[in-house]
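Quick notes on the structure that follows.
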Amino acid sequence: MTTALTHARIETASPAAIAEGGHLLRDGRLVAFPTETVYGLGGDSTNDRAVAAIFEAKGRPSFNPLIVHVADQADIETLVMVDERTRAVIARFWPGPLTLVLPRAKDSPVSLLASAGLDTIAVRMPDHPVARALIRAAGRPIAAPSANRSGAVSPTLAEHVAESLGARVGLILDGGPCRVGVESTVLDLSGERPALLRPGGVPAEALEQALGTTLIRPTDHADAPKSPGMLASHYAPKVAVRLNATAAAPGEALLALGPTDGTLNLSPSGDLEEAAANLFAMLRALDRPEFTGIAIMPIPEHGLGLAINDRLRRAAAPRPT
Ligand code: AMP
Ligand code: MG
């Protein structure tokens, strides 16, 4: 478990502090930084362990997909698939409080944990010089949810981050108060019809005008897919998942935890942060027709184990056909 020390280091976002933040991010550490919406808790989005550390620091009992932040429009080209419609929206609204959910690019370097195993990735270019300078200094896309413990209000001042996260974050870059103060609008452009997943800093009407079409709204369907908070479209393996297994039945793959031989092992030492980092990549690796199912050993119900079990219970739940 992470030691919750009480003191956080807050530094004015000088060029030297931003450069240090870039080094920390490349090392897999977490850095909180200002954006125009709220302060973000940043980690290297291409590093599974850094992304697991974000979830650990937030203390969330589930894995929500995270927004991947970039410094320049061109930075998303290797991460996600970009079509003409997307380019037009970006030209009009980036940088700004608009997050786009787009299909994952083949060979995308973004951690599967960052997108909670989904085939889509949420990307955004923040309209804040400190945020973009930090992402450039890190030299990689940065996954960042709001920099607060789960359930607490979103932080719009560096002091809020310090109060909520303490030393769970390596460094807090202080860029003063956030201008917008509400979260980004989340627009899903991965399907044929654009869908509003979360209202935010960019009004839905402005998006509808730019796209020349109405948006599917969270209230349009009771079973609307991918809505934040009620994310119906979770990653689930195609083969059956069996929980709390002590051994594999014939034909099953065994996903182990702790010092046991398995087909794959989430963490031989039983480290739950390592297990979280490996979870989605290993589920995908075992989701093969040659296995009759995936048997998964018990995961302790503490720390990141809560989020791992939440996801595994969903994966094991009966599927709509
Ligand atoms: P936050 O990190 O608190 O700003 O929340 C990020 C929001 O983006 C959440 O509402 C997520 O559900 C949403 N989000 C991130 N990635 C995806 C994705 N791949 N598909 C759908 N929604 C996403
Ligand atoms: Mg939040």
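So the sequence shown is residues 328 to 648, counted in the numbering used here. Heads up, the beta-carbon is just placed ideally off N, CA and C, and yes, glycines get one too.
{"Check": "What's the gap between the Cα of V409 and the Cα of F382?", "Outcome": "28 angstroms"}
{"Check": "Along the chain, where does the beta strand (DSSP E) containing L514 start, and where does it finish?", "Outcome": "512-515"}
{"Check": "What number of angstroms, rounded off, separates the C-alpha of A458 from the C-alpha of L514?", "Outcome": "21 angstroms"}
{"Check": "For D360 versus G349, is the C-beta spacing smaller than 7 angstroms?", "Outcome": "A small fix is needed here, since residue 360 is Phe in this sequence, not Asp. Cβ distance not < 7 angstroms, so F360 and G349 don't count as in contact."}
{"Check": "Hey, would you say S438 sits closer than 7 angstroms to V397, going by beta carbons?", "Outcome": "no"}
{"Check": "Ligand 1 and L445: does any heavy atom of the ligand fall closer than 6 angstroms to the residue's C-beta?", "Outcome": "yes"}
{"Check": "Under a three-way DSSP split, which group does H455 fall into?", "Outcome": "coil"}
{"Check": "Which residue or residues does DSSP assign as beta-bridge partners of R569?", "Outcome": "A622"}
{"Check": "With DSSP as the reference, label S491 as helix, strand or coil.", "Outcome": "helix"}
{"Check": "Please list, in chain order, all residues of the same chain as A687 whose beta carbon is under 6 angstroms from its beta carbon, the five residues on each side excluded.", "Outcome": "Within the shown structure, residues of the chain are numbered from 328 to 648, placing residue 687 beyond reach of any answer."}
{"Check": "Does DSSP put D371 in a helix, in a strand, or in coil?", "Outcome": "strand"}
{"Check": "Within 7 angstroms of any Cβ in chain D, is that where the Cβ of R467 sits?", "Outcome": "This model lacks chain D altogether; it includes just one protein chain."}
{"Check": "Any contact between the segment 522-534 and the segment 410-426? By contact I mean 3 or more CB pairs, one from each, below 8 angstroms.", "Outcome": "yes"}
{"Check": "Whose C-alpha, out of G355, T587, L445, V480, is nearest the C-alpha of V509?", "Outcome": "V480"}
{"Check": "Taking the continuous alpha helix (DSSP H) assigned at V416, which residues delimit it?", "Outcome": "411-420"}
{"Check": "Could you tell me if the beta carbon of E510 falls within a distance shorter than 6 angstroms of some heavy atom in ligand 1?", "Outcome": "yes"}
{"Check": "Under 6 angstroms from any heavy atom of ligand 1, does the C-beta of R431 make it?", "Outcome": "no"}
{"Check": "Count the other CB atoms within 10 Å of the CB of S596; is the residue buried (16 or more) or exposed (fewer)?", "Outcome": "exposed"}
{"Check": "Give a yes or no on contact between the segment 435-453 and the segment 343-358, applying the rule of three or more CB pairs nearer than 8 angstroms.", "Outcome": "no"}
{"Check": "Sort out for me which residues DSSP pairs R431 with in a bridge.", "Outcome": "V407"}
{"Check": "A608 to L591, Cα distance in whole Å?", "Outcome": "11 angstroms"}
{"Check": "Cβ of L429 within 7 angstroms of Cβ of L516?", "Outcome": "yes"}
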